[in-house]
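Participant: Just so it is clear: in the sequence shown, position 206 is 464 by this note's numbering, and no numbers are missing.
No residue lacks a Cβ here, since even glycine has one placed at the ideal position from N, Cα and C.
Computed from a predicted structure; not experimentally measured.
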Amino acid sequence: MSTQKTILIAGGTGLIGRALVKRLKELGHHVRVLSRKADLEKNIFGWNPNDKRIDLAALENVEVLINLVGEGIADKRWSNRRKQALIDSRVDTTHFLASQLDSMPHLSHYITASGINCYGYENYDKKHKETDPFGDDFLSQVVQKWESAADKFAVRVKVAKIRTSVVLAKEGGAVPAIAKTINNYVGAPLGSGKQWMPWISMEDMVEVYVHAIEKELDGAYNALAGSVTNKEFTKALAKTLHKPLWLPNVPSFVMYLLLGEMSSVVLDGLQADNSKLLDSGFAFKHTRLEETLSEIYH
Ligand SMILES: NC(=O)c1ccc[n+]([C@@H]2O[C@H](COP(=O)([O-])OP(=O)(O)OC[C@H]3O[C@@H](n4cnc5c(N)ncnc54)[C@H](OP(=O)(O)O)[C@@H]3O)[C@@H](O)[C@H]2O)c1
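#1: The alpha helix (DSSP H) that contains residue 506, what's its start and end?
#2: Mind checking residue 280: buried by the 16 CB within 10 Å criterion, or exposed?
#3: Write down the C-beta distance between residue 459 and residue 426 rounded to the nearest angstrom, noting that I regard them as a contact closer than 8 Å.
#4: With distances taken Cα to Cα, identify the nearest neighbour of residue 442 among 448, 449, 434.
#5: Mind listing, in chain order, the continuous alpha helix (DSSP H) runs of no fewer than 4 residues lying wholly within the region 455-498?
#6: Mind checking who residue 451 pairs with in its DSSP beta bridge?
#7: Along the alpha helix (DSSP H) that carries residue 371, what are the first and last residues, could you check?
#8: State the DSSP-derived secondary structure class of residue 383, mapped to helix, strand or coil.
#9: Given this structure, state the Cα-to-Cα distance separating residue 292 from residue 342, to the nearest angstrom.
#10: Considering only residues of the same chain and omitting the five flanking positions on each side of residue 401, which have a CB-CB separation below 8 Å?
#11: Can you list, in chain order, the residues of its chain whose CB lies under 6 Å from that of residue 319, leaving out five sequence neighbours each side?
#12: Who are the Cβ neighbours of residue 518 in its own chain at under 7 Å, not counting the five residues just before and after it?
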């Protein structure tokens, strides 16, 4: 049993946050959430980083601050305005939290969500390590700015950056989105289907955060159990759902027409190396894709 800590989770109402709050409470921690929709009965405190408002009661005695905030990367087409919102909801929010450091004298650890898609897409076969440089594409640049904002905390506390891969969960994210097309008999691999998708199960994702707290991780960590190609993933999910895949791959230009620049999220891919996380003592529960999907659905 770990030592009980007072933990504040910004963005703790989201997909990862809800599962993480539940787990940290099970472990006996005092957990609070920051959300734009307060619900004090559930320990959800109000804030609005846009207009720099925060309920200061949320910050009292906080020892660990976890930041999961960010507008959904694949929620809307990437107009210039949307791209700015994707950056601002991560970078400005982090700056705002850092500006509250003086109200958190007991803080010893800042843990931020980050993205695995930060290395660019040129080195197809390379398993990127945390020491590799950032890429030049939009998502890599988002991550670079996001992590650099997180470093504002490093003047006083340890800063862990969890470079998150695609989180596999039934409740939201990529799995139900792809499952919907398969269940409607219009599922198909996208583009060449050869693009890599690094993935992690929700259960392991939550345990990565628990591990980061317990081991007081510092620095960037690639959080992925493995990588699978888009075609392999689509086939594995169809098999899990007992549905046929009969359509040919959706050509890249069609995806571009449908999604614009955001098609990069599904058409580009990369592999990454998780040995730094493993060497820190983390053990994955789920490393086999088909078993993981089967556990999610059955
Ligand atoms: N899920 C994945 O597969 C995945 C993969 C890679 C990286 N990540 C990153 O990990 C983090 C957590 O992921 P998630 O899937 O849990 O995200 P999520 O379900 O979209 O939740 C994000 C939370 O951020 C808050 N938020 C969104 N826009 C905001 C804004 N403009 N200002 C203030 N708060 C805002 C929302 O809280 P309120 O509405 O309550 O304020 C929301 O609950 C995100 O930063 C995401 O980019 C996730």
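Facilitator: According to the data block:
#1: Run containing residue 506: none; DSSP gives neither H nor E here.
#2: exposed
#3: 5 Å
#4: Ranking 448, 449, 434 by Cα distance to residue 442 puts 434 first.
#5: 460-472, 488-498
#6: Residue 451 is not bridged to any residue.
#7: Looking at the DSSP string, residue 371 is not in any alpha helix (DSSP H); the run it does join, the beta strand (DSSP E), is 367-373.
#8: Residue 383 falls in the coil class under three-state DSSP.
#9: 22 Å
#10: 372, 373, 375, 376, 392, 421
#11: Non-local C-beta neighbours of residue 319 in its own chain, meaning closer than 6 Å and more than five positions away in sequence, comprise 264, 364, ordered along the chain.
#12: Excluding residues up to 5 positions away in sequence, 335, 336 lie with their Cβ nearer than 7 Å to the Cβ of residue 518 in the same chain.
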